[in-house]
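These protein sequences, in sequence, are chains H and R.
The opening position of the first sequence corresponds to residue 271 in the numbering used here, with each subsequent residue numbered one higher.
The opening position of the second sequence corresponds to residue 600 in the numbering used here, with each subsequent residue numbered one higher.
Data block below; observations after.
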Amino acid sequence: MTGPGGRRRLVPAYLATAGSATATRNTVDRMTVLTAEPLPLPVGLEPAAHRILEKLRPGALTLVEVAAYLQLPPSITRVIVSELVDRGLVRAHASMLNPQEATRAQKIDILERTLRGLRKI
Amino acid sequence: MASGRSDRPTIYLADPDTTVVKVVVAGGFGVGKTTLVGAVSEITPLRTEELITASGALVDDMAGLTDKTHTTVGIDFGRTTFHEQQVTLYLFGTPGQPRFRPLWEGLASGAIGAIVLLDTRRPGDSYWAMDEIEQRKIPYIVAVNRFPESPPHDPAQLRAALDLDPATPLLTCDATDRVSARALLESLMQYLICHYRQEEST
Numbered sequence: 271m272t273g274p275g276g277r278r279r280l281v282p283a284y285l286a287t288a289g290s291a292t293a294t295r296n297t298v299d300r301m302t303v304l305t306a307e308p309l310p311l312p313v314g315l316e317p318a319a320h321r322i323l324e325k326l327r328p329g330a331l332t333l334v335e336v337a338a339y340l341q342l343p344p345s346i347t348r349v350i351v352s353e354l355v356d357r358g359l360v361r362a363h364a365s366m367l368n369p370q371e372a373t374r375a376q377k378i379d380i381l382e383r384t385l386r387g388l389r390k391i
Numbered sequence: 600m601a602s603g604r605s606d607r608p609t610i611y612l613a614d615p616d617t618t619v620v621k622v623v624v625a626g627g628f629g630v631g632k633t634t635l636v637g638a639v640s641e642i643t644p645l646r647t648e649e650l651i652t653a654s655g656a657l658v659d660d661m662a663g664l665t666d667k668t669h670t671t672v673g674i675d676f677g678r679t680t681f682h683e684q685q686v687t688l689y690l691f692g693t694p695g696q697p698r699f700r701p702l703w704e705g706l707a708s709g710a711i712g713a714i715v716l717l718d719t720r721r722p723g724d725s726y727w728a729m730d731e732i733e734q735r736k737i738p739y740i741v742a743v744n745r746f747p748e749s750p751p752h753d754p755a756q757l758r759a760a761l762d763l764d765p766a767t768p769l770l771t772c773d774a775t776d777r778v779s780a781r782a783l784l785e786s787l788m789q790y791l792i793c794h795y796r797q798e799e800s801t
């Protein structure tokens, strides 16, 4: 996990902390990489939220992986994770290259990196 | 094969700041989507259970659970991490039956490219998925999955039958074979690089 002052591209702090549920929902999708903030588990969490936090405790996963491991539908997982991000318990890393938003240079760069990776393994 | 069991060891991402790249593998039922996903994945493919309503619409909030009859459809996906490149590639097997159209919104959204898998014994099974990908303007390649029983096919005839754009690659692969599956992904990346370069010049 990246500590404070760590590298890059987190979602803006105002969204991760005080944004409304609707706003945050748009920043969290099934490919968002999630990590749990190193905080004590709050009491009174609903069971699914508790399981998600426990799952993320040891490391990072995309939302869709969390859903698969916990056998929760991704759509429901997304709603719960959005709330956890709102509450500052989960950090959403701005990790997906969205072709609709990325510049052509960014797309070509990431494709070339992927190709290099494929050729190495 | 994919499994939704939660007793599997969790394989975490080494770097939370990796860049995630999404590719969709689409095609008819039984065409080998999950096999291909598994052949290039570093993890045993995972399965999500997508909630859909009786009409096939994706249930995307809690409210949908209470007032509608719902069912689930399993979606298999795999992951490959390229540590040096700080890239993590996710492959999603996406069902090619029209009744799953509402699912495509979530599954295809953000995909940088797609592979349409084809079984030459029933090529028509993959037509719908091809149309769906084209409508979403996702660049794609077509790959014939060679089954032992597959009759030999004439690429020119197949191209004509599929009404393929001359620029769209038509390849063959063995989805059960890691080397073949990886070569297919390399071809996809090469095609996508060309595709997005051309987009730049227009």
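All C-beta atoms in this analysis are idealised placements derived from N, C-alpha and C, irrespective of residue type, glycine included.
- With contacts defined as CB atoms closer than 8 angstroms, serine 365/H and threonine 647/R fail to qualify as a contacting pair.
- Between leucine 381/H and methionine 788/R, the C-beta spacing is below 8 angstroms.
- In the same chain as serine 786/R, and ignoring 5 residues on each side of it, the C-beta atoms closer than 7 angstroms to its own belong to Ile740, Pro768 and Leu770, in chain order.
- Within a 10 Å sphere around the beta-carbon of glycine 723/R sit fewer than 16 other beta-carbons, which makes this residue exposed.
- By the C-beta density criterion, histidine 794/R is buried, having at least 16 other C-beta atoms within 10 angstroms.
- Assignment of beta-bridge partners to arginine 361/H by DSSP yields Thr305/H.
- Annotation for glutamate 324/H: the continuous alpha helix (DSSP H) segment containing it runs 317-326.
- Contact between alanine 728/R and glycine 695/R is confirmed by a C-beta separation of about 4 angstroms, below the 8 angstroms threshold.
- Within the stretch 695-723 of chain R, the residues whose Cβ lies closer than 9 angstroms to any Cβ of chain H are, in chain order, Gly705, Leu706, Ser708, Gly709, Ala710, Ile711 and Gly712.
- Taking 8 angstroms as the upper bound for CB-CB distance, threonine 693/R and valine 624/R are in contact here, some 7 angstroms apart.
- For arginine 758/R, no chain H residue has a Cβ inside 7 angstroms of its Cβ, as the nearest lies near 25 angstroms away.
- Note that the C-beta distance between leucine 354/H and isoleucine 391/H is not below 8 angstroms.
- Residue-level contact by beta carbon fails for proline 747/R and chain H, as no gap is shorter than 8 angstroms.
- Shown here, aspartate 675/R sits in a strand according to DSSP, grouped into three states.
- In this model, arginine 327/H and isoleucine 651/R are separated by some 30 angstroms (Cα to Cα).
- The Cβ of proline 369/H sits closer than 8 angstroms to at least one Cβ of chain R.
- Taking 8 angstroms as the threshold, the shortest C-beta distance from glutamine 789/R to chain H falls below it.
- Taking the Cα positions, threonine 332/H is about 16 angstroms away from phenylalanine 681/R.
- DSSP places glycine 712/R in the uninterrupted beta strand (DSSP E) bounded by 712-717.
- Tyrosine 795/R sits in a helix when the DSSP states are folded into three classes.
- Using a 10 angstroms sphere on the CB of glutamate 335/H, the tally of other CB atoms reaches 16 or more, which defines it as buried.
- Put simply, the CB of isoleucine 792/R is near chain H, with a gap under 8 angstroms to one of its CB atoms.
- In summary, proline 738/R is buried, with 16 or more beta-carbon neighbours lying within 10 Å of its beta-carbon over all protein chains present.
- Cβ atoms of alanine 710/R and lysine 632/R stay farther apart than 8 angstroms, at about 14 angstroms.
- Closest in C-alpha terms to threonine 670/R, from the list Gly677/R, Gln685/R, Arg698/R and Val686/R, comes Arg698/R.
- With a cut-off of 8 angstroms on Cβ pairs, the stretch 343-363 of chain H is in contact with the stretch 307-320 of chain H, counting three or more such pairs.
- Residue state for lysine 736/R is assigned as coil, using DSSP reduced to three classes.
- Annotated three-state conformation of arginine 646/R is strand, per DSSP.
- Annotated as distal: valine 639/R and alanine 759/R, with beta-carbon spacing of 8 angstroms or more.
- For a Cβ distance threshold of 8 angstroms, residue set Val303, Gly329, Ala330, Leu331 and Thr332 of chain H lies close to leucine 612/R, ordered along the chain.
- In this structure threonine 634/R is buried. Its beta-carbon is surrounded by 16 or more other beta-carbon atoms within 10 angstroms.
- Of the other Cβ atoms in all chains shown, fewer than 16 fall within 10 Å of the Cβ of valine 313/H; this residue is therefore exposed.
- Interface criterion met: the Cβ of serine 345/H is under 8 angstroms from a Cβ in chain R.
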